[in-house]
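One structure is given here, and the rest of the page talks about it.
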(Lines of atoms letter the chains of each structure in order from A and count residues from 1; the text may use other names and numbers.)
(Lines give C-alpha, C1' and ligand atoms only; values in the text may rest on other atoms or scores of the structure.)
Protein backbone atom coordinates (compact mmCIF):
# COMPACT_ATOMS: atom_id res chain seq x y z
CA UNK A 1 0.00 0.00 0.00
CA UNK A 2 1.13 3.49 -0.77
CA UNK A 3 1.51 5.70 2.31
CA UNK A 4 0.22 9.24 2.01
CA UNK A 5 2.65 11.84 3.32
CA UNK A 6 1.32 15.20 4.41
CA UNK A 7 3.57 17.42 2.30
CA UNK A 8 2.79 21.09 2.74
CA UNK A 9 3.76 23.77 0.23
CA UNK A 10 5.23 26.22 2.70
CA UNK A 11 4.84 29.91 2.00
CA UNK A 12 5.98 31.07 5.42
CA UNK A 13 7.22 29.81 8.77
CA UNK A 14 6.20 30.77 12.28
CA UNK A 15 9.18 31.57 14.53
CA UNK A 16 8.00 30.49 17.97
CA UNK A 17 10.88 32.22 19.74
CA UNK A 18 9.97 32.67 23.41
CA UNK A 19 6.22 32.26 22.91
CA UNK A 20 6.17 29.74 25.79
CA UNK A 21 6.60 32.74 28.10
CA UNK A 22 3.63 34.95 27.09
CA UNK A 23 3.73 37.03 30.30
CA UNK A 24 7.38 37.98 29.80
CA UNK A 25 7.26 39.24 26.19
CA UNK A 26 7.57 42.92 27.22
CA UNK A 27 10.35 42.16 29.69
CA UNK A 28 12.28 40.12 27.09
CA UNK A 29 11.83 42.93 24.55
CA UNK A 30 13.44 45.46 26.93
CA UNK A 31 16.29 43.08 27.85
CA UNK A 32 17.16 42.22 24.24
CA UNK A 33 16.84 45.86 23.18
CA UNK A 34 19.36 46.88 25.87
CA UNK A 35 21.67 44.04 24.78
CA UNK A 36 21.40 45.08 21.10
CA UNK A 37 22.20 48.72 21.93
CA UNK A 38 25.16 47.52 24.05
CA UNK A 39 26.44 45.42 21.14
CA UNK A 40 26.19 48.36 18.71
CA UNK A 41 27.88 50.78 21.12
CA UNK A 42 30.60 48.41 22.33
CA UNK A 43 31.63 47.04 18.95
CA UNK A 44 31.09 50.41 17.24
CA UNK A 45 33.47 52.02 19.75
CA UNK A 46 36.13 49.42 18.94
CA UNK A 47 35.76 50.09 15.20
CA UNK A 48 36.05 53.87 15.70
CA UNK A 49 39.05 53.72 18.06
CA UNK A 50 41.01 51.19 15.96
CA UNK A 51 40.53 53.41 12.88
CA UNK A 52 41.15 56.80 14.52
CA UNK A 53 44.01 56.15 16.96
CA UNK A 54 47.43 56.02 15.26
CA UNK A 55 48.82 53.89 18.11
CA UNK A 56 46.38 51.14 17.16
CA UNK A 57 47.18 51.05 13.44
CA UNK A 58 48.60 47.52 13.68
CA UNK A 59 47.44 44.18 12.22
CA UNK A 60 46.12 42.99 15.60
CA UNK A 61 43.75 45.96 15.94
CA UNK A 62 42.92 45.89 12.23
CA UNK A 63 41.61 42.34 12.69
CA UNK A 64 39.86 43.34 15.92
CA UNK A 65 38.04 46.18 14.13
CA UNK A 66 36.89 43.81 11.39
CA UNK A 67 35.85 41.25 13.98
CA UNK A 68 33.70 43.88 15.73
CA UNK A 69 32.10 44.77 12.39
CA UNK A 70 31.22 41.10 11.83
CA UNK A 71 29.71 40.99 15.34
CA UNK A 72 27.47 43.97 14.56
CA UNK A 73 26.31 42.40 11.27
CA UNK A 74 25.88 39.02 12.97
CA UNK A 75 23.48 40.31 15.62
CA UNK A 76 21.75 42.77 13.25
CA UNK A 77 20.75 39.79 11.12
CA UNK A 78 18.87 38.26 14.08
CA UNK A 79 17.96 40.75 16.82
CA UNK A 80 15.87 43.36 14.93
CA UNK A 81 13.40 40.72 13.68
CA UNK A 82 13.38 39.04 17.09
CA UNK A 83 12.59 42.39 18.74
CA UNK A 84 9.82 43.00 16.17
CA UNK A 85 8.33 39.57 16.92
CA UNK A 86 8.40 40.24 20.66
CA UNK A 87 6.82 43.69 20.21
CA UNK A 88 4.11 42.88 17.65
CA UNK A 89 3.54 39.18 18.50
CA UNK A 90 3.53 38.52 14.73
CA UNK A 91 6.01 35.70 14.32
CA UNK A 92 5.58 34.81 10.65
CA UNK A 93 8.54 34.94 8.27
CA UNK A 94 8.38 34.26 4.53
CA UNK A 95 10.32 31.42 2.94
CA UNK A 96 12.58 33.88 1.08
CA UNK A 97 13.25 35.97 4.21
CA UNK A 98 14.05 32.80 6.13
CA UNK A 99 16.51 31.66 3.44
CA UNK A 100 18.19 35.09 3.35
CA UNK A 101 18.46 35.22 7.14
CA UNK A 102 19.92 31.70 7.27
CA UNK A 103 22.43 32.48 4.51
CA UNK A 104 23.73 35.63 6.20
CA UNK A 105 23.78 33.92 9.58
CA UNK A 106 25.96 31.10 8.22
CA UNK A 107 28.11 33.50 6.18
CA UNK A 108 28.81 35.73 9.19
CA UNK A 109 29.41 32.73 11.46
CA UNK A 110 32.00 31.42 8.97
CA UNK A 111 33.61 34.87 8.69
CA UNK A 112 33.81 35.13 12.49
CA UNK A 113 35.27 31.65 12.78
CA UNK A 114 38.02 32.33 10.23
CA UNK A 115 38.73 35.79 11.68
CA UNK A 116 39.34 34.17 15.06
CA UNK A 117 41.82 31.83 13.33
CA UNK A 118 43.50 34.78 11.58
CA UNK A 119 43.79 36.64 14.89
CA UNK A 120 45.40 33.55 16.47
CA UNK A 121 47.88 33.34 13.58
CA UNK A 122 48.68 37.04 14.05
CA UNK A 123 49.54 36.38 17.71
CA UNK A 124 51.61 33.34 16.69
CA UNK A 125 53.73 35.40 14.28
CA UNK A 126 54.07 38.28 16.79
CA UNK A 127 55.29 36.02 19.60
CA UNK A 128 57.09 33.20 17.77
CA UNK A 129 58.56 35.18 14.82
CA UNK A 130 58.77 38.79 16.02
CA UNK A 131 61.62 39.77 13.66
CA UNK A 132 59.62 38.67 10.60
CA UNK A 133 56.32 40.11 11.83
CA UNK A 134 56.34 43.31 9.68
CA UNK A 135 57.15 41.24 6.58
CA UNK A 136 54.69 38.39 7.14
CA UNK A 137 51.81 40.52 8.43
CA UNK A 138 52.04 43.37 5.92
CA UNK A 139 48.96 45.40 5.02
CA UNK A 140 48.21 43.56 1.75
CA UNK A 141 48.35 40.17 3.48
CA UNK A 142 46.04 41.41 6.24
CA UNK A 143 43.47 42.62 3.69
CA UNK A 144 43.63 39.28 1.83
CA UNK A 145 43.09 37.40 5.11
CA UNK A 146 40.02 39.47 5.98
CA UNK A 147 38.54 39.16 2.47
CA UNK A 148 39.23 35.42 2.51
CA UNK A 149 37.41 35.10 5.83
CA UNK A 150 34.34 36.73 4.27
CA UNK A 151 34.17 34.94 0.90
CA UNK A 152 35.61 31.46 1.59
CA UNK A 153 32.28 29.93 2.57
CA UNK A 154 30.00 31.54 -0.03
CA UNK A 155 29.98 28.77 -2.73
CA UNK A 156 29.26 25.93 -0.30
CA UNK A 157 26.74 27.94 1.72
CA UNK A 158 24.79 28.90 -1.41
CA UNK A 159 24.61 25.19 -2.33
CA UNK A 160 23.48 24.25 1.16
CA UNK A 161 20.74 26.91 1.27
CA UNK A 162 19.49 25.77 -2.15
CA UNK A 163 19.52 22.14 -1.05
CA UNK A 164 17.44 22.64 2.10
CA UNK A 165 14.89 25.02 0.56
CA UNK A 166 14.40 22.91 -2.58
CA UNK A 167 12.98 19.95 -0.63
CA UNK A 168 9.36 19.73 0.65
CA UNK A 169 8.44 20.36 4.29
CA UNK A 170 5.99 18.20 6.21
CA UNK A 171 3.12 19.16 8.47
CA UNK A 172 3.63 22.12 10.76
CA UNK A 173 5.33 25.32 9.65
CA UNK A 174 6.32 26.23 13.20
CA UNK A 175 10.06 26.70 13.84
CA UNK A 176 10.81 26.22 17.52
CA UNK A 177 13.67 28.70 17.45
CA UNK A 178 14.52 32.42 17.70
CA UNK A 179 15.63 32.69 14.05
CA UNK A 180 15.89 30.58 10.88
CA UNK A 181 18.60 28.04 11.62
CA UNK A 182 19.56 24.64 10.22
CA UNK A 183 18.58 22.23 13.06
CA UNK A 184 14.93 23.41 13.41
CA UNK A 185 14.54 23.56 9.60
CA UNK A 186 15.83 20.00 9.21
CA UNK A 187 13.20 18.89 11.71
CA UNK A 188 10.47 19.97 9.25
CA UNK A 189 12.01 18.42 6.13
CA UNK A 190 10.11 15.45 4.66
CA UNK A 191 11.63 12.02 4.31
CA UNK A 192 15.25 11.05 4.79
CA UNK A 193 17.46 13.98 5.84
CA UNK A 194 20.69 11.98 5.95
CA UNK A 195 22.16 13.93 3.02
CA UNK A 196 21.27 17.26 4.64
CA UNK A 197 22.81 16.20 7.95
CA UNK A 198 25.99 15.03 6.21
CA UNK A 199 26.17 18.40 4.44
CA UNK A 200 25.70 20.13 7.80
CA UNK A 201 28.45 18.11 9.48
CA UNK A 202 30.80 18.74 6.55
CA UNK A 203 30.15 22.47 6.93
CA UNK A 204 30.79 22.26 10.67
CA UNK A 205 34.08 20.49 9.98
CA UNK A 206 35.24 22.84 7.21
CA UNK A 207 34.14 26.13 8.74
CA UNK A 208 34.05 25.27 12.44
CA UNK A 209 36.53 22.58 13.40
CA UNK A 210 39.16 23.49 10.79
CA UNK A 211 39.58 27.10 12.02
CA UNK A 212 39.44 25.78 15.60
CA UNK A 213 42.29 23.35 14.89
CA UNK A 214 44.25 26.21 13.29
CA UNK A 215 43.71 28.25 16.47
CA UNK A 216 44.72 25.29 18.62
CA UNK A 217 47.93 24.72 16.64
CA UNK A 218 48.81 28.42 16.84
CA UNK A 219 48.40 28.46 20.61
CA UNK A 220 50.35 25.23 21.13
CA UNK A 221 53.30 26.89 19.37
CA UNK A 222 52.72 30.15 21.25
CA UNK A 223 52.67 28.33 24.59
CA UNK A 224 55.83 26.43 23.69
CA UNK A 225 57.59 29.71 22.82
CA UNK A 226 56.33 31.53 25.94
CA UNK A 227 57.55 28.80 28.28
CA UNK A 228 61.04 29.16 26.81
CA UNK A 229 61.21 32.87 27.61
CA UNK A 230 63.78 33.57 30.36
CA UNK A 231 61.96 36.59 31.78
CA UNK A 232 58.87 36.19 33.98
CA UNK A 233 57.74 39.66 32.88
CA UNK A 234 58.01 38.63 29.22
CA UNK A 235 55.97 35.50 29.84
CA UNK A 236 53.21 37.36 31.69
CA UNK A 237 53.06 40.02 28.96
CA UNK A 238 52.77 37.37 26.25
CA UNK A 239 50.05 35.53 28.17
CA UNK A 240 48.18 38.80 28.69
CA UNK A 241 48.31 39.54 24.95
CA UNK A 242 46.63 36.23 24.12
CA UNK A 243 44.24 35.78 27.05
CA UNK A 244 41.44 37.97 25.65
CA UNK A 245 41.41 36.12 22.34
CA UNK A 246 41.41 32.73 24.08
CA UNK A 247 38.37 33.72 26.17
CA UNK A 248 36.45 34.85 23.07
CA UNK A 249 37.34 31.62 21.23
CA UNK A 250 36.09 29.50 24.13
CA UNK A 251 32.81 31.41 24.32
CA UNK A 252 32.16 31.22 20.57
CA UNK A 253 33.10 27.60 19.94
CA UNK A 254 31.90 26.20 23.25
CA UNK A 255 28.26 27.11 22.65
CA UNK A 256 28.25 27.01 18.82
CA UNK A 257 29.61 23.50 18.39
CA UNK A 258 27.30 22.05 21.04
CA UNK A 259 24.29 23.61 19.32
CA UNK A 260 25.23 22.38 15.83
CA UNK A 261 26.53 18.88 16.53
CA UNK A 262 23.09 17.46 17.14
CA UNK A 263 21.16 15.09 14.91
CA UNK A 264 17.47 15.50 14.16
CA UNK A 265 16.59 12.86 16.76
CA UNK A 266 18.56 14.56 19.55
CA UNK A 267 17.55 18.09 18.64
CA UNK A 268 15.95 19.95 21.55
CA UNK A 269 14.35 23.30 20.73
CA UNK A 270 14.63 24.71 24.27
CA UNK A 271 18.26 23.69 24.71
CA UNK A 272 19.22 24.93 21.27
CA UNK A 273 17.53 28.29 21.89
CA UNK A 274 19.59 28.76 25.05
CA UNK A 275 22.87 28.02 23.28
CA UNK A 276 21.82 30.14 20.28
CA UNK A 277 21.07 33.14 22.49
CA UNK A 278 24.47 32.69 24.09
CA UNK A 279 26.63 32.54 20.95
CA UNK A 280 24.59 34.93 18.78
CA UNK A 281 23.62 37.59 21.33
CA UNK A 282 25.42 37.30 24.69
CA UNK A 283 28.90 36.63 23.27
CA UNK A 284 28.92 39.68 20.92
CA UNK A 285 27.92 41.80 23.93
CA UNK A 286 30.70 40.40 26.13
CA UNK A 287 33.48 40.47 23.51
CA UNK A 288 34.06 44.28 23.52
CA UNK A 289 34.37 44.20 27.31
CA UNK A 290 36.87 41.33 27.17
CA UNK A 291 39.06 43.06 24.57
CA UNK A 292 38.86 46.59 25.99
CA UNK A 293 39.06 45.98 29.75
CA UNK A 294 42.03 43.61 29.44
CA UNK A 295 44.04 45.76 27.02
CA UNK A 296 46.06 48.67 28.40
CA UNK A 297 46.82 50.16 24.95
CA UNK A 298 43.13 50.16 24.08
CA UNK A 299 42.17 51.76 27.41
CA UNK A 300 44.77 54.52 26.94
CA UNK A 301 43.57 55.16 23.38
CA UNK A 302 39.98 55.30 24.60
CA UNK A 303 40.92 57.85 27.27
CA UNK A 304 42.73 60.01 24.70
CA UNK A 305 39.76 59.88 22.32
CA UNK A 306 37.30 60.83 25.09
CA UNK A 307 39.52 63.69 26.27
CA UNK A 308 39.68 65.03 22.71
CA UNK A 309 35.89 64.82 22.42
CA UNK A 310 35.43 66.66 25.75
CA UNK A 311 37.84 69.45 24.73
CA UNK A 312 36.07 69.91 21.39
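Residue numbers (UniProt numbering): 1 to 312.
Glycine is no exception: its CB is placed at the ideal position from the N, C-alpha and C atoms.
All of these numbers come straight from a predicted model, not from anything done at the bench.
Item	Value
Supposed close pair residue 50, residue 62 - CB separation, criterion 8 angstroms	7 angstroms
Of the listed residues 174, 291, 304 and 250, nearest to residue 278 (C-alpha basis)	250
Assigned exposure category for residue 126 - 16 Cβ within 10 Å defines buried	buried
Range of the contiguous beta strand (DSSP E) that encloses residue 196	Premise fails: residue 196 lies in the alpha helix (DSSP H), 194-204, not in any beta strand (DSSP E).
Of the residues 211, 213 and 243, the one placed nearest residue 226, counting alpha carbons only	243
Assigned secondary structure, residue 118 (DSSP; H/G/I helix, E/B strand, else coil)	helix
Segment limits, beta strand (DSSP E) that includes residue 13	12-15
Where residue 160 falls, given that 16 or more other Cβ within 10 Å makes a residue buried	buried
Straight-line Cα distance separating residue 186 from residue 172	12 angstroms
Residue from 183, 304 and 42 with nearest C-alpha to residue 197	183
Residue 192 versus residue 200: straight-line alpha-carbon distance, rounded	14 angstroms
Which listed residue (284, 58 and 86) has its alpha carbon closest to that of residue 21	86
Test item: CB-CB of residue 152 and residue 118 under 8 angstroms	no
Reduced DSSP category for residue 307 - H, G, I as helix; E, B as strand; rest coil	helix
Residue 66 vs residue 115 beta-carbon contact at 8 angstroms	yes
Limits of the alpha helix (DSSP H) - the one that residue 94 falls within	Unbroken run through residue 94 is the beta strand (DSSP E), 92-94; no alpha helix (DSSP H).
Three-way DSSP call (helix, strand, coil) for residue 70 in this model	helix
Pairwise C-alpha distance: residue 32 and residue 304	31 angstroms
Residue span of the alpha helix (DSSP H) that contains residue 139, given as start and end	139-151
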